[in-house]
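Have a look at the structure below, then the notes.
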Amino acid sequence: MVRAKSWTLRKHFEGFPKTSDFELKEVELPKLKDGDVLFESVFLSVDPYMRPYSRTMMKEGDIMIGSQVARVMESKNPTYPVGTYVVANSGWTTHFISDGKDLQLLPSWPEKIPRSLALGTVGMPGLTAYFGLFEICKIRAGDTVLVNAAAGAVGSVVGQLAKIGGCKVVGSAGSDKKVAYLKQIGFDEAFNYKTVGSLEEALRKASPDGYNCYFDNVGGEFSSIALHQMKKFGRIAVCGAISGYNDTVPQKGPYIQGPVLWNQLYMEGFIYSRWNDRREEVLKILLRWVLEVRGVTVPQTTVRELMLLPFSQMPVYANKSQVCSHTLLFHTQPVPLAGDMGVGWVCVSIKACRIQYRREE
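First residue of the sequence shown? That's 1 in UniProt numbering, and the numbers climb one at a time after it.
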C-alpha cells in the first residue's frame with residue numbers, strides 16, 4: 001500500500017501565513033478501483049494566488065491547493081498507462097488517486113526542457129501572461145508596456161512575450177538583484193520600487209511619453225500612481241492584487257475614476273481559464289517559443305536548507321523572495337516529517353523563469 005504525505009491547512013491565514021497554519025498529515029491510500037489511477041507528484045507549485053484562494057476554496061483541514069506535474073505509478077485506466085505524465089490540481093501531496101477526470105496529459109514533452117515548465121512558462125503563468133497581453137491589452141508593435149511584480153513567474157513571461165510582440169517593456173521589482181535579472185532577460189527599463197525616491201518619477205523617467213499598456217499584478221498604491229501615466233486610450237489588464245493579499249483590513253482606494261475617465265482607459269480583470277477552449281493552442285505556441293530559444297535560460301544556482309513547502313511560502317507572500325520567481329519543489333523522495341528540518345535542497349536548473357529543486361542526498 002502507498003502512504004501519501006500532504007501539507008494541510010490547519011488554520012485559515014490571518015495576515016501573513018505562518019508555519020503554524022499548516023499541518024503535515026500522512027494517510028494510507030486505498031486500492032485502485034476500475035478506472036482509477038495512482039499518481040506520484042514530481043513537481044509542486046507555490047504561487048501567490050494560493051493566498052487569497054485558500055480563503056474561498058478551502059476548509060481548515062483540506063490539503064493545500066496547488067498544481068503539480070505527476071507521474072502514473074499504477075493504473076486501471078487505459079487512458080493513463082504507467083509512466084504517463086500529467087498536470088493535476090491535487091494540491092501539496094506526494095501521491096494521489098484520480099478517476100482520470102480534470103487531468104491534462106503531457107504526452108509528447110521534448111526531452112531538452114524540464115517537465116516543470118508545465119507549471120511555469122508552458123502552464124498557468126504562461127497562459128496568464130499570454131491572454132492578458134494579447135486578449136486584454138491587445139498589444140501592438142511599438143507599444144510601451146508596464147508590468148509590476150515583473151520578476152515573478154507571470155511578470156517575467158509578460159515582459160518576454162511583449163518583447164516578442166515588438167514592444168518596449170518597463171518592469172518594476174523589489175530588489176536590485178531582480179532588476180538586474182529583468183535587464184538580463186530583455187526588459188528595456190527596470191527599477192527597484194523599494195529604493196526609488198519617487199515611484200511617479202521612476203515611471204516617468206522609464207517612459208516619459210507614458211504607457212500604452214499596463215499589466216497589473218499588484219494593485220494598491222502602485223496602480224493609483226501608474227494609472228495617471230497611461231496614454232490616452234491605454235489598456236490595463238488586472239491580473240492580481242498582491243499588495244493586499246495579506247491585509248486584515250481592506251485598503252482604502254486607490255480612486256481610479258479620474259484617470260480612467262479623462263484618458264478614456266480600458267481596464268479589465270481576467271482569469272486565464274476564461275479561454276480554456278484555446279488552452280492547447282496557446283500552450284503549443286508557448287512551447288514553440290521556448291524551444292526556439294525565445295524563452296530565457298539563466299545560470300544554475302545552489303540553494304541549501306530550503307524548509308519544505310510551507311517555509312518556501314513565506315517570502316513569496318511577504319514579497320521578500322530573493323529569487324526571481326516563485327519556488328517550485330521537486331521531490332521524487334517522500335516529503336520528510338515536520339520535525340525533520342535539516343533537509344538540503346539543491347537548485348538543479350533555472351529555466352524560463354521557474355526554479356526547480358531536487359532533494360540533496
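Quick reminder that beta carbons are idealized off the backbone N, C-alpha and C, glycines included.
In the structure shown, the three-state DSSP call for Thr-144 is strand.
Following the DSSP letters along the chain, one finds Val-179 inside the alpha helix (DSSP H) bounded by residues 176 to 184.
Note that the C-beta distance between His-228 and Pro-259 is below 8 Å.
In the structure shown, the three-state DSSP call for Tyr-53 is helix.
Counting other Cβ atoms within 10 Å of its Cβ, Pro-48 reaches 16 or more and is therefore classed as buried. Counting along the chain, the unbroken alpha helix (DSSP H) around Ser-223 starts and ends at 220 to 226. Taking a cut-off of 8 Å for Cβ pairs, the region 113 to 132 and the region 92 to 102 do not touch, as fewer than three such pairs fall below it.
The bridge partners DSSP lists for Ile-65 come to none. By the Cβ criterion, the region 50 to 61 is not in contact with the region 99 to 115, since fewer than three pairs of Cβ atoms, one from each stretch, lie closer than 8 Å. Contact between the region 76 to 84 and the region 157 to 172 is absent: fewer than three C-beta pairs spanning the two stretches fall below 8 Å.
Distances from the alpha-carbon of Ala-149 to those of Thr-79, Ala-173, Ile-164 and Lys-11 put Ala-173 closest. Secondary structure note for Ala-4: its beta strand (DSSP E) is the uninterrupted segment 3 to 9. The residues Ile-63, Met-64, Ile-65 and Gly-66, in chain order, have a CB closer than 6 Å to that of Gly-91 in the same chain once the five nearest residues on each side in sequence are set aside.
By the 16-neighbour rule on beta-carbons within 10 angstroms, Trp-289 is buried. Taking 8 Å as the cut-off, the Cβ atoms of Ala-202 and Phe-191 count as close. C-alpha of Glu-111 to C-alpha of Leu-291: approximately 11 Å in a straight line. Residue Phe-16 holds the alpha-carbon nearest to the alpha-carbon of Met-50 among Val-27, Phe-16 and Leu-29.
Residue burial is scored here from C-beta neighbours: Pro-114 has at least 16 other C-beta atoms within 10 angstroms and is therefore classed as buried. Distance between Gly-100 and Glu-28, taken at the CA atoms: about 20 Å.
In the structure shown, Phe-13 falls within a coil segment according to DSSP collapsed to helix, strand and coil. The three-state secondary structure of Asn-192, taken from DSSP, is strand. Per DSSP, the unbroken beta strand (DSSP E) holding Ile-236 starts and ends at 230 to 238.
The straight-line gap separating the alpha-carbon atoms of Ile-225 and Lys-25 is approximately 45 Å.
Exposed is the label assigned to Leu-261, since fewer than 16 other Cβ atoms lie within 10 Å of its Cβ. At a Cβ-Cβ threshold of 8 Å, Tyr-266 and Arg-235 count as neighbours.
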